[in-house]
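Undergrad:
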Amino acid sequence: MHLTLIQPAGNRLPDAVLKRLAGHRCSVITEPHHEQQYPADIRCITVWSLHDIAAVTEAYERILRTGPVDAIVALFEIGQPAAGHLRSRYGLPGTSYDVANRFSNKLLTKRAYASAGLPTAHAHLAPSPEDVATVAEGMGWPVIVKPTLGGGAVQVFEVAGPDDLARRLSTSGPLGLKSVDVPLIVEPFLTVLDEFHCDSVVIDGTVVFSAASQYLAPLLNCPVAQNGSFLLPDSSELAAQIGRLNEAAVAALGLRDGVTHIELFRTPDGLVLGEAACRPAGGGIPDAIRLAYGVDLWDLMMRLTLGESVEVSATTPESVGVNYHLPVQPGRIKALSSASDLAALPGVMEVDMHHRVGDRIPDTVNSSYTTGVVHLAVPDVASVPSAITEVLDHYVLDVRPRPWVSRSLRRLAHRLLHLLPRPRRTPLLEPAILGPGTPDGPISASAS
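Going by the UniProt record's numbering, 288 is the number at position 288 of the sequence shown; the sequence numbering is gapless.
1. Considering only the beta carbon of each residue, do alanine 136 and valine 156 sit closer than 8 angstroms?
2. Counting pairs of beta carbons, one from the stretch 193 to 205 and one from the stretch 159 to 169, are three or more of them closer than 8 angstroms?
3. Could you please give the first and the last residue of the uninterrupted alpha helix (DSSP H) stretch that includes aspartate 287?
4. If we call anything under 8 angstroms between Cβ atoms a contact, is tyrosine 293 one with valine 374?
5. Using a Cβ-Cβ cut-off of 8 angstroms (strictly less than) and excluding sequence neighbours within five positions of residue 480, which residues of its own chain qualify?
6. Where does glycine 437 sit, in a helix, a strand or coil, going by DSSP?
7. Return the first residue and the last residue of the alpha helix (DSSP H) that aspartate 380 is part of.
8. Using a Cβ-Cβ cut-off of 8 angstroms (strictly less than) and excluding sequence neighbours within five positions of isoleucine 42, which residues of its own chain qualify?
9. Among Thr171, Val272 and Leu255, which residue has its Cα nearest to the Cα of glutamine 241?
10. Determine the closest residue to arginine 167 out of Lys110, Val132 and Ser213, with distance taken between C-alpha atoms.
11. Using three-state DSSP, classify asparagine 323 as helix, strand or coil.
12. Can you confirm whether the stretch 222 to 230 touches the stretch 177 to 185 when touching is taken to mean that 3 or more C-beta pairs between the two stretches lie within less than 8 angstroms?
13. Looking at the secondary structure, which residues open and close the beta strand (DSSP E) in which aspartate 52 lies?
14. To the nearest angstrom, how far is it from the Cα of leucine 64 to the Cα of histidine 85?
15. Indicate whether serine 106 and alanine 123 have their beta-carbon atoms separated by less than 8 angstroms.
16. Do glycine 258 and phenylalanine 265 have their C-beta atoms within less than 8 angstroms of each other?
17. What are the start and end residues of the alpha helix (DSSP H) that includes proline 162?
18. Is glutamate 158 helix, strand or coil by DSSP?
19. Please go through the same chain and pick out, in chain order, the residues whose beta-carbon is closer than 7 angstroms to the beta-carbon of glutamine 329, but skip the five residues on each side of it.
20. Thinking C-beta only, is arginine 356 closer than 8 angstroms to alanine 376?
21. Specify the secondary structure class of glutamine 329 as computed by DSSP and reduced to three states.
22. What does a CB cutoff of less than 7 angstroms around glycine 10 pick up in its chain, not counting 5 residues either side in sequence?
23. CA-CA distance, alanine 239 and leucine 231?
24. Tell me which same chain residues have a C-beta within less than 8 angstroms of the C-beta of serine 383, skipping the five on either side of it?
25. So isoleucine 6 and alanine 100 are supposed to be a Cβ contact under 8 angstroms. How far apart are they, rounded?
26. Can you tell me where the beta strand (DSSP E) holding methionine 349 begins and where it ends?
27. Using the rule of at least 16 other Cβ atoms within 10 Å of the residue's Cβ for burial, across every protein chain shown, is glutamate 31 buried or exposed?
28. By a C-beta neighbour count over all protein chains shown, 10 Å radius and 16 as the cutoff for buried, is alanine 281 buried or exposed?
29. Residues in its own chain within less than 7 angstroms of valine 391 by CB, not counting five upstream and five downstream?
30. Considering only their Cβ atoms, is the gap separating glycine 91 from alanine 71 smaller than 8 angstroms?
31. Thinking valine 351 and alanine 339 are a contact (beta carbons under 8 angstroms), I'd like their distance in whole angstroms, please.
32. Once the 5 residues before and after leucine 216 are set aside, which same chain residues still bring their CB inside 6 angstroms of it?
33. Could you give the distance in angstroms between the alpha-carbon of proline 317 and the alpha-carbon of leucine 219?
34. Ordered along the chain, which non-local residues of its own chain (more than five positions away) have a Cβ less than 7 angstroms from that of threonine 315?
35. Do you know whose CA, among Val56, Ser170 and Ala22, lies nearest proline 8's CA?
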């Protein structure tokens, strides 16, 4: 088969996916400075942003000139709408544009929930950062502001009032509010007691497997040492509640076949649905589910994408699985615990280290960023805090901070970049364009 991968710059393909790709002819559409390294025989076309559907379409048409494509593979959040657009435009199997956009576009997600009568925070559109004040004034402060597209809690802001908003709009930086280059949504601030996620496999529109988990702490402003989640016992009423809401959410969003990751919050008024994704979760969540249930979400996602027959056979966990993201600190790593050191601790099932001595941890990271993930099995939910404390007591991370001059030059570079003109972007809230031609707007694509 000839496969085209829609691959964001900041994501690497898991080993399970790389094995599944072996034997297929592959082409890649990606972004500048991509982390994934590709073999010499894979054609890789770079576009300025996977949010630019026009640029992605032009790149894909260049690939089509080399021969027909059998499937579009998109395994990460950035690029889901573009992948759906290509499937809808060119009659390829898999998740269509309207469904992919309904999952990825937070405004459309909330509208679908509301139309189905499901509990969710009502979202209001702010076309640009400068429009947030007007929208927020009509709602009342404080508010939550986030991009319509994106993942990993990146560029999600709790804004207390007009002065706080003015401060954020006057602050430069690659992940600041002012730098958001897609439309935003503004939501009322909710009192979040706990945050959950539910990960599921959907076949023929039916949820055939799901696993409910609770984050160690809500992701927004999450303390650096409390990043991760633990699986809730299937027998608990809370897991059952989450499972029912998850099924209703999947039905409202219209997915026929795929893997989903749906966020939920517990508020004083009950459970509320948050964002959704039609792809496996980030961080250590897929591995936690594999270790607990024997269900490989990455492999299933690939099988469903390629149109293969799928059967899901899950085992019953005998313990509570925990995926703990080791804390990070910006700077150059001078000392770091090894996988073998952490694997020797009680209850540790698996350790996946992402960094080593000499690597640099950036100043700003998303909610899945870590030096490594430690997977533990504990007897019950009450044992989770002590197990994590044990890991922290033995964890070593020593970094060399970046010098002040480097930070100053970096800030200057960011300011200069914001002054450069950018290509006009394709509207993100429009329906799929299925007729001849491409969406309006200049193309920015170059072979690499």
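The C-beta atom is built at its ideal place from N, Cα and C for all residues, glycine as well.
TA: With the structure as the only source:
1. Locating residue 136 in the sequence shown gives position 136, where the first residue counts as 1. Locating residue 156 in the sequence shown gives position 156, where the first residue counts as 1. Not a contact, by the Cβ cut-off of 8 angstroms.
2. Contact fails: fewer than three Cβ-Cβ distances are below 8 angstroms.
3. Numbered from 1 along the sequence shown, position 287 holds the residue referred to as residue 287. Note, aspartate 287: alpha helix (DSSP H), 285 to 293.
4. Taking the first residue of the sequence shown as 1, we reach residue 293 at position 293. Taking the first residue of the sequence shown as 1, we reach residue 374 at position 374. Pairing tyrosine 293 with valine 374 gives a Cβ-Cβ distance that is not under 8 angstroms.
5. What the structure shows of the chain is the stretch from 1 to 448, and residue 480 is not part of that stretch, so it cannot be assessed.
6. Position 437 of the sequence shown, counted from the start, is the residue given in the question as residue 437. Residue confidence is low: glycine 437 scores 31 on pLDDT, short of 50, so the model does not pin down where it sits. Its coordinate-derived value is still stated next. Coil at glycine 437, not helix or strand.
7. Within the sequence shown, residue 380 is the residue found at index 380, counting from 1. Judged by DSSP secondary structure, aspartate 380 falls outside any alpha helix (DSSP H); it is assigned neither H nor E.
8. Here residue 42 refers to the residue found at position 42 when the sequence shown is read from its first residue. Within the same chain, isoleucine 42 has close Cβ partners Cys26, Ser27 and Val28.
9. Here residue 241 is taken as the residue at index 241 of the sequence shown, counted from 1. Checked all of Thr171, Val272 and Leu255; the closest Cα to glutamine 241 is Val272.
10. In the sequence shown, counting from the first residue as 1, residue 167 sits at position 167. Comparing Cα-Cα distances from arginine 167 to each of Lys110, Val132 and Ser213, the minimum goes to Val132.
11. Along the sequence shown, read from residue 1 onward, the residue named residue 323 stands at position 323. It is a strand residue.
12. Short answer: they don't touch.
13. Position 52 of the sequence shown, counted from the first residue, corresponds to residue 52. Boundaries for aspartate 52: no beta strand (DSSP E) harbours it, and the DSSP string shows neither H nor E there.
14. Numbered from 1 along the sequence shown, position 64 holds the residue referred to as residue 64. Numbered from 1 along the sequence shown, position 85 holds the residue referred to as residue 85. Roughly 15 angstroms separates the two Cα atoms.
15. In the sequence shown, the residue the question calls residue 106 occupies position 106. In the sequence shown, the residue the question calls residue 123 occupies position 123. The sequence given here places lysine at residue 106; serine does not occur at that position. The answer is yes: Cβ separation under 8 angstroms.
16. As a working note, residue 258 is residue 258 in the sequence shown. As a working note, residue 265 is residue 265 in the sequence shown. No, the pair does not count as a contact, with Cβ atoms beyond the cut-off.
17. In the sequence shown, counting from the first residue as 1, residue 162 sits at position 162. Segment 162 to 169, the alpha helix (DSSP H) holding proline 162.
18. Working through the sequence shown from its first residue, we reach residue 158 at position 158. Correct three-state label for glutamate 158: strand.
19. As a position in the sequence shown, residue 329 is number 329, starting the count at 1. Ile361, Leu397 and Val399.
20. Locating residue 376 in the sequence shown gives position 376, where the first residue counts as 1. Locating residue 356 in the sequence shown gives position 356, where the first residue counts as 1. According to the sequence displayed, residue 376 carries leucine and not alanine. Going by beta carbons, leucine 376 and arginine 356 fall outside the 8 angstroms limit.
21. For the purposes of this step, residue 329 is taken as the residue at position 329 of the sequence shown. It is coil, neither helix nor strand.
22. Walking along the sequence shown from the start, residue 10 turns up at place 10. So the list reads Glu35, once near-sequence residues are dropped.
23. Here residue 239 refers to the residue found at position 239 of the sequence shown. Here residue 231 refers to the residue found at position 231 of the sequence shown. Those two C-alpha atoms are separated by around 9 angstroms.
24. The sequence position of residue 383 within the sequence shown is 383, counting from 1. Closer than 8 angstroms at Cβ, skipping near neighbours: Val320.
25. For the purposes of this step, residue 6 is taken as the residue at position 6 of the sequence shown. For the purposes of this step, residue 100 is taken as the residue at position 100 of the sequence shown. Beta-carbon to beta-carbon, isoleucine 6 and alanine 100 are separated by about 10 angstroms, too far to satisfy the 8 angstroms threshold.
26. Residue numbering aside, residue 349 sits at position 349 when the sequence shown is read from its first letter. Element bounds for methionine 349: 348 to 353.
27. In the sequence shown, residue 31 corresponds to position 31, counting from 1. Glutamate 31 counts as buried, since no fewer than 16 other beta carbons sit within 10 angstroms of its beta carbon.
28. Walking along the sequence shown from the start, residue 281 turns up at place 281. By the neighbour-count definition (other C-beta atoms within 10 Å, threshold 16), alanine 281 is a buried residue.
29. Indexing the sequence shown from 1 puts residue 391 at position 391. So the qualifying residues of the chain are Tyr324, Leu342, Leu345 and Val374.
30. Your numbering for residue 71 matches position 71 in the sequence shown. Your numbering for residue 91 matches position 91 in the sequence shown. In this structure, glycine 91 does not lie closer than 8 angstroms to alanine 71 by Cβ.
31. In the sequence shown, counting from the first residue as 1, residue 351 sits at position 351. In the sequence shown, counting from the first residue as 1, residue 339 sits at position 339. Yes, they are in contact, since the Cβ atoms of valine 351 and alanine 339 sit about 4 angstroms apart, within 8 angstroms.
32. As a first step, residue 216 must be located in the sequence shown, where it is residue number 216. Only Gln226 and Gly228 meet the Cβ criterion.
33. The residue you call residue 317 lines up with position 317 of the sequence shown. The residue you call residue 219 lines up with position 219 of the sequence shown. Take the alpha-carbon of proline 317 and the one of leucine 219: they are about 26 angstroms apart.
34. By 1-based counting over the sequence shown, the position of residue 315 is 315. Correct list, in chain order: Tyr293 and Gly294.
35. Counting from one through the sequence shown, the residue named residue 8 turns up at place 8. With distances taken between Cα atoms, proline 8 lies closest to Val56.
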